[in-house]
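What follows is one structure encoded as structure tokens, with my remarks underneath.
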DNA sequence: CGTTCAATTGACTATCGTCAACTGGCGTGG
DNA sequence: CCACGCCAGTTGACGATAGTCAATTGAACG
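Protein chains in written order, with this note's numbering: chain A, 75 to 323; chain B, 75 to 323.
As structure tokens, then:
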């Protein structure tokens with residue numbers, strides 16, 4: 075899969091990308107890198123000189139408290155640029171790392187700025203992308219502050235499924251999700267033991283299937299209700315994001 | 075106080091603002107409005123046509139879950155534009171409202187876009203402002219997911235104090251903070267009763283003073299440690315943000 | 001002077017965290 | 001080839017942080 079294709083698909087799902095802007099993106103110099111699970115992409119406190127486009131697999135952003143507690147802020151799949159903000163905030167206030175084995179493309183800030191200088195429309199679109207990132211943080215703040223563990227977990231699966239589907243990474247109701255239960259616990263802000271028990275509840279009530287590498291949405295409507303999930307915060311252009319899920323027969 | 079003065083001060087604290095860009099900002103048409111406590115500024119789901127600059131008092135962003143639980147995402151003081159993101163994300167995914175009696179200035183999107191079209195530097199600066207907003211969300215996600223109530227509360231007072239000081243809204247270690255304990259609870263993601271007890275602990279241990287309208291930082295160093303507060307996520311340009319607090323004698 | 005809102009307190013409950021032990025799979029190295 | 005260690009998942013028992021319910025006080029306001 076061509077790296078820029080994934081980016082173009084992502085941008086087209088949230089806004090209008092003119093042909094000449096797509097052409098400009100395709101001139102960007104890329105440095106491809108394959109990463110192992112857990113490898114740091116950009117360290118907390120580092121001064122970034124590149125942005126990092128996820129091409130395959132998953133990346134995540136994380137911050138660790140003095141007592142060792144870790145919070146995962148976001149998960150990123152093909153087409154995402156998790157550190158796009160570093161264009162304007164050079165010094166990282168958190169860490170970006172590979173969640174699974176993954177492939178990323180480094181793009182120098184200078185090259186991106188050159189392209190943006192020529193296109194206000196593309197500037198708007200990338201700005202919009204960073205704002206959708208922020209909107210997702212708000213959605214997660216709402217979960218972390220106000221929802222119990224089952225709701226949070228259902229919400230997580232809802233968000234990841236919709237994003238994967240919009241990025242054409244799903245096969246029906248099934249998609250790759252290389253998360254350990256420890257990772258899930260750190261996203262949801264609950265303990266590993268509690269994450270394990272909550273996951274078992276979701277599985278046994280037939281809402282989702284999940285084993286290490288793959289997740290399946292078994293009852294979309296019920297999962298959405300449990301997770302209090304409203305897709306609008308992801309700010310996709312069209313209604314495709316909210317269409318029902320066809321189950322495998 | 076001139077509305078644009080507060081905005082200029084805010085922008086100068088996080089980046090470089092050229093004289094001609096400041097001049098351009100001063101040409102923006104403003105519609106001033108005085109709001110009562112609790113009044114909605116922009117409703118959840120609304121399509122925004124203006125941005126809203128806080129001139130006096132406090133505004134806040136909030137979202138309510140189906141079960142009635144409310145999470146406050148952020149508090150905003152003079153110089154902030156809490157809905158700057160609406161430039162690129164027209165439809166609100168949360169509500170903006172007055173936290174206390176406050177004065178705001180509406181600025182039409184069109185006027186801002188006209189100014190930004192002439193100045194890439196100002197575009198970068200406002201983009202940066204929205205990204206600092208997102209960075210604050212991450213800091214709060216970390217608290218909501220990983221910290222206990224006393225830590226969260228200490229962190230809240232740390233952040234509000236530093237921002238108020240940078241906005242020149244403090245008098246020594248004292249600043250206006252028109253928050254009810256219900257508001258605090260909704261920021262911290264804890265119950266009102268628990269917020270009340272945690273606040274009493276902070277007061278009786280001598281770290282802060284707080285009564286309805288005003289907060290005082292009594293032991294800055296200890297408060298920072300309890301709140302695990304590291305100012306860097308606010309991305310101020312200079313070190314002033316991290317200087318010690320002089321107590322009143 | 002009554003009503004409402006904010007703060008406070010006590011008592012009880014429950015969700016969730018911690019500690020600890022056990023299982024199974026997988027890869028590596030002797 | 002098998003033993004060992006490591007990692008991920010699972011389970012039980014217990015404790016603690018935090019939520020809920022309920023009642024009281026005091027201040028502000030009309």
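Even glycine gets a Cβ: it sits at the ideal position worked out from N, Cα and C.
Note the first and the last residue of the continuous alpha helix (DSSP H) segment covering residue i.
{"i": "residue 178 of chain B", "result": "From DSSP, residue 178 of chain B is part of no alpha helix (DSSP H) but of the beta strand (DSSP E) over 176-182."}
{"i": "residue 268 of chain A", "result": "266-278"}
{"i": "residue 88 of chain A", "result": "77-88"}
{"i": "residue 137 of chain A", "result": "Element bounds for residue 137 of chain A: not the alpha helix (DSSP H) but the beta strand (DSSP E), 133-138."}
{"i": "residue 219 of chain A", "result": "194-220"}
{"i": "residue 282 of chain A", "result": "Where residue 282 of chain A is concerned, there is no enclosing alpha helix (DSSP H), although the beta strand (DSSP E) it sits in stretches over 282-285."}
{"i": "residue 314 of chain B", "result": "Segment: none, residue 314 of chain B is in no alpha helix (DSSP H) and carries neither H nor E."}
{"i": "residue 98 of chain B", "result": "93-100"}
{"i": "residue 300 of chain A", "result": "294-300"}
Just curious, the beta strand (DSSP E) that residue i is in, first and last residue?
{"i": "residue 107 of chain B", "result": "105-109"}
{"i": "residue 169 of chain B", "result": "169-172"}
{"i": "residue 127 of chain B", "result": "124-130"}
{"i": "residue 290 of chain A", "result": "288-291"}
{"i": "residue 116 of chain A", "result": "114-116"}
Nearest CA to the CA of residue i: which residue from the options?
{"i": "residue 239 of chain B", "options": "B/77, B/315 and B/78", "result": "B/315"}
{"i": "residue 305 of chain A", "options": "A/243, A/237 and A/255", "result": "A/237"}
{"i": "residue 98 of chain A", "options": "A/143, A/313 and A/79", "result": "A/79"}
{"i": "residue 112 of chain B", "options": "B/265, B/176 and B/143", "result": "B/176"}
{"i": "residue 155 of chain B", "options": "B/252, B/141, B/138 and B/131", "result": "B/131"}
{"i": "residue 180 of chain A", "options": "A/137, A/197, A/220 and A/116", "result": "A/116"}
{"i": "residue 293 of chain A", "options": "A/232, A/82, A/174 and A/252", "result": "A/232"}
{"i": "residue 109 of chain A", "options": "A/144, A/194 and A/134", "result": "A/134"}
{"i": "residue 166 of chain B", "options": "B/122, B/194 and B/199", "result": "B/122"}
{"i": "residue 146 of chain A", "options": "B/247, B/118, B/215 and B/290", "result": "B/215"}
{"i": "residue 162 of chain B", "options": "A/197, A/151, A/186 and A/260", "result": "A/197"}
{"i": "residue 140 of chain A", "options": "B/102, B/250 and B/221", "result": "B/221"}
{"i": "residue 152 of chain B", "options": "B/114, B/242, B/206 and B/101", "result": "B/242"}
{"i": "residue 164 of chain B", "options": "B/213, B/138, B/119 and B/144", "result": "B/119"}
{"i": "residue 102 of chain B", "options": "B/253, B/261 and B/189", "result": "B/189"}
{"i": "residue 173 of chain B", "options": "B/194, B/143 and B/136", "result": "B/136"}
Exposed or buried, residue i, counting other C-beta atoms within 10 Å across all chains shown (16 or more means buried)?
{"i": "residue 178 of chain A", "result": "buried"}
{"i": "residue 171 of chain A", "result": "buried"}
{"i": "residue 184 of chain B", "result": "exposed"}
{"i": "residue 288 of chain A", "result": "exposed"}
{"i": "residue 90 of chain A", "result": "exposed"}
{"i": "residue 318 of chain B", "result": "exposed"}
{"i": "residue 267 of chain A", "result": "exposed"}
{"i": "residue 85 of chain A", "result": "buried"}
{"i": "residue 208 of chain B", "result": "buried"}
{"i": "residue 94 of chain A", "result": "exposed"}
{"i": "residue 124 of chain A", "result": "buried"}
{"i": "residue 192 of chain A", "result": "exposed"}
{"i": "residue 278 of chain B", "result": "exposed"}
{"i": "residue 106 of chain B", "result": "exposed"}
{"i": "residue 75 of chain A", "result": "exposed"}
{"i": "residue 298 of chain A", "result": "buried"}
{"i": "residue 269 of chain B", "result": "buried"}
{"i": "residue 311 of chain B", "result": "exposed"}
{"i": "residue 187 of chain A", "result": "exposed"}
Excluding the five sequence neighbours on either side, which residues of its own chain have a C-beta within less than 6 Å of the C-beta of residue i, listed in chain order?
{"i": "residue 296 of chain A", "result": "281"}
{"i": "residue 204 of chain B", "result": "158 and 159"}
{"i": "residue 218 of chain B", "result": "263"}
{"i": "residue 234 of chain A", "result": "none"}
{"i": "residue 229 of chain A", "result": "217, 301 and 303"}
{"i": "residue 96 of chain B", "result": "82"}
{"i": "residue 244 of chain B", "result": "238"}
{"i": "residue 290 of chain A", "result": "247, 248 and 283"}
Apart from the five residues on each side of it in sequence, which residues of its chain come closer than 8 Å, Cβ to Cβ, to residue i?
{"i": "residue 273 of chain B", "result": "227, 255, 258 and 284"}
{"i": "residue 202 of chain B", "result": "88, 89 and 309"}
{"i": "residue 224 of chain B", "result": "272, 275, 276 and 300"}
{"i": "residue 104 of chain B", "result": "77, 78, 127, 179, 180 and 181"}
{"i": "residue 199 of chain B", "result": "85, 88, 89, 90, 91 and 95"}
{"i": "residue 265 of chain B", "result": "259"}
{"i": "residue 210 of chain B", "result": "148, 233, 307 and 308"}
{"i": "residue 100 of chain A", "result": "78"}
Between residue i and the rest of its own chain, which residues show a CB-CB distance below 7 Å, the 5 nearest in sequence each way excluded?
{"i": "residue 323 of chain B", "result": "Because the pLDDT of residue 323 of chain B is 47, which lies under 50, any placement of that residue in the model is unreliable, and the number read from its coordinates should be weighed accordingly. The answer is none, since no qualifying residue turns up."}
{"i": "residue 150 of chain B", "result": "128, 132, 133, 134 and 156"}
Can you check the region 138-168 of chain B for any beta strand (DSSP E) of at least 3 residues that lies completely inside it and give the ranges in chain order?
Entirely contained in the region 138-168 of chain B, the beta strand (DSSP E) runs reaching 3 residues are, in chain order, 144-150.
Runs of alpha helix (DSSP H) lying entirely within the region 232-262 of chain B, each at least 4 residues, in chain order:
Within the region 232-262 of chain B, the complete alpha helix (DSSP H) runs of at least 4 residues are 255-262.
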